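Presented below is the structure to which this report refers.
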Amino acid sequence: DTGVSQDPRHKITKRGQNVTFRCDPISEHNRLYWYRQTLGQGPEFLTYFQNEAQLEKSRLLSDRFSAERPKGSFSTLEIQRTEQGDSAMYLCASSHGLAGDRRFGPGTRLTVL
Amino acid sequence: RKEVEQDPGPFNVPEGATVAFNCTYSNSASQSFFWYRQDCRKEPKLLMSVYSSGNEDGRFTAQLNRASQYISLLIRDSKLSDSATYLCVVNKAPSGTYKYIFGTGTRLKVLA
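Listed below in structure tokens is the structure:
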């Protein structure tokens, strides 16, 4: 497999701007997860999809955040009106079914100035 | 109290040493447990699952103690390439939603 890919790898934006990240999971994986990781911390769960259905959202996911997986393949994570506190690494992971190994993408590093 | 707690380290050990990390978790209903490895500015990668009876993979041994709610990772004969952050992961699984909870990670530096 080609692994999980994420785009862009780095994003620098000004406070108040909107940003969108893309994740392409491993093709046969039906579950897709988004995490956020800040320096010195472990990844924190944001949301996950089974196929195109968004099944769970963390309370960390404020109303400025929205995620989609329209055709059950790639997913997008949008942050509106970015704040400096949104600066983090945004990691996407995918798995096959409930018990499948969770494979992570390389992440998108967001810096909000 | 955090759901998953780890000593952040760093643990500085010489090559060839044996080093052990512990991780405690607060939810006694946790279903499954893992160790992930994360290199600097890279994504986490699964190192090994942790089974109730304990399990070994080469130089790595993982143990689970449900009664005391902790898991451990033992690395024997440390290599320079083992330098990384080791993340403890606990799977909360209410209603089958398999939510991974990550610890903050323990940094290991293996010194020549």
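Residue numbers (our numbering), protein chains in the order written: chain A, 4 to 116; chain B, 605 to 716.
Ideal Cβ placement from N, Cα and C applies to all residues, glycine included.
Note that the coordinates shown come from a computational prediction; the quantities given were computed from them, not determined experimentally.
For residue i, three-class secondary structure by DSSP
{"i": "residue 653 of chain B", "result": "strand"}
{"i": "residue 668 of chain B", "result": "strand"}
{"i": "residue 685 of chain B", "result": "helix"}
{"i": "residue 83 of chain A", "result": "coil"}
{"i": "residue 104 of chain A", "result": "coil"}
{"i": "residue 89 of chain A", "result": "helix"}
{"i": "residue 622 of chain B", "result": "coil"}
{"i": "residue 644 of chain B", "result": "coil"}
{"i": "residue 611 of chain B", "result": "coil"}
{"i": "residue 712 of chain B", "result": "strand"}
{"i": "residue 62 of chain A", "result": "coil"}
{"i": "residue 116 of chain A", "result": "coil"}
{"i": "residue 703 of chain B", "result": "strand"}
{"i": "residue 676 of chain B", "result": "strand"}
{"i": "residue 660 of chain B", "result": "strand"}
{"i": "residue 53 of chain A", "result": "strand"}
{"i": "residue 14 of chain A", "result": "strand"}
{"i": "residue 616 of chain B", "result": "strand"}
Beta-carbon proximity check, residue i vs residue j, cutoff 8 angstroms
{"i": "residue 615 of chain B", "j": "residue 689 of chain B", "result": "no"}
{"i": "residue 92 of chain A", "j": "residue 40 of chain A", "result": "yes"}
{"i": "residue 637 of chain B", "j": "residue 668 of chain B", "result": "yes"}
{"i": "residue 622 of chain B", "j": "residue 670 of chain B", "result": "no"}
{"i": "residue 69 of chain A", "j": "residue 52 of chain A", "result": "no"}
{"i": "residue 9 of chain A", "j": "residue 109 of chain A", "result": "yes"}
{"i": "residue 703 of chain B", "j": "residue 107 of chain A", "result": "no"}
{"i": "residue 88 of chain A", "j": "residue 33 of chain A", "result": "no"}
{"i": "residue 619 of chain B", "j": "residue 716 of chain B", "result": "yes"}
{"i": "residue 90 of chain A", "j": "residue 113 of chain A", "result": "yes"}
{"i": "residue 50 of chain A", "j": "residue 65 of chain A", "result": "no"}
{"i": "residue 617 of chain B", "j": "residue 685 of chain B", "result": "no"}
Top-ranked residue by Cα proximity to residue i, from the options
{"i": "residue 31 of chain A", "options": "A:79, A:88, A:6, A:63", "result": "A:6"}
{"i": "residue 86 of chain A", "options": "A:18, A:14, A:12", "result": "A:18"}
{"i": "residue 115 of chain A", "options": "A:38, A:83, A:56, A:26", "result": "A:83"}
{"i": "residue 45 of chain A", "options": "B:706, B:716, B:712, B:714", "result": "B:706"}
{"i": "residue 13 of chain A", "options": "B:645, B:693, B:715", "result": "B:645"}
{"i": "residue 103 of chain A", "options": "B:663, B:653, B:682", "result": "B:653"}
{"i": "residue 624 of chain B", "options": "B:684, B:694, B:659, B:666", "result": "B:666"}
{"i": "residue 2 of chain A", "options": "A:38, A:11, A:22", "result": "Any property of residue 2 of chain A remains undetermined from this structure, which presents chain A solely from 4 to 116."}
Close-in-space but distant-in-sequence residues of the same chain around residue i (CB under 7 angstroms, 5 per side omitted)
{"i": "residue 628 of chain B", "result": "609, 673, 674"}
{"i": "residue 696 of chain B", "result": "631, 634, 703, 705"}
{"i": "residue 687 of chain B", "result": "712, 713, 714"}
{"i": "residue 650 of chain B", "result": "638, 640"}
Contacts that residue i makes with chain C (C-beta to C-beta distance below 7 angstroms)
{"i": "residue 665 of chain B", "result": "Absent from the structure: chain C. Protein chains present are A and B."}
Nonlocal neighbours in the same chain, by C-beta distance under 6 angstroms from residue i, ignoring five residues either side
{"i": "residue 24 of chain A", "result": "80, 93, 111"}
{"i": "residue 612 of chain B", "result": "708"}
{"i": "residue 2 of chain A", "result": "As displayed, chain A neither begins before 4 nor continues past 116, which places residue 2 of chain A out of reach and without an answer."}
{"i": "residue 661 of chain B", "result": "652"}
For residue i, the residue or residues it bridges with in DSSP
{"i": "residue 26 of chain A", "result": "A:9, A:78"}
{"i": "residue 47 of chain A", "result": "A:39"}
{"i": "residue 94 of chain A", "result": "A:38"}
{"i": "residue 70 of chain A", "result": "A:80"}
{"i": "residue 636 of chain B", "result": "B:695"}
Cβ shell of residue i (< 8 angstroms), same chain only, five flanking positions each side left out
{"i": "residue 55 of chain A", "result": "72, 73, 74, 75"}
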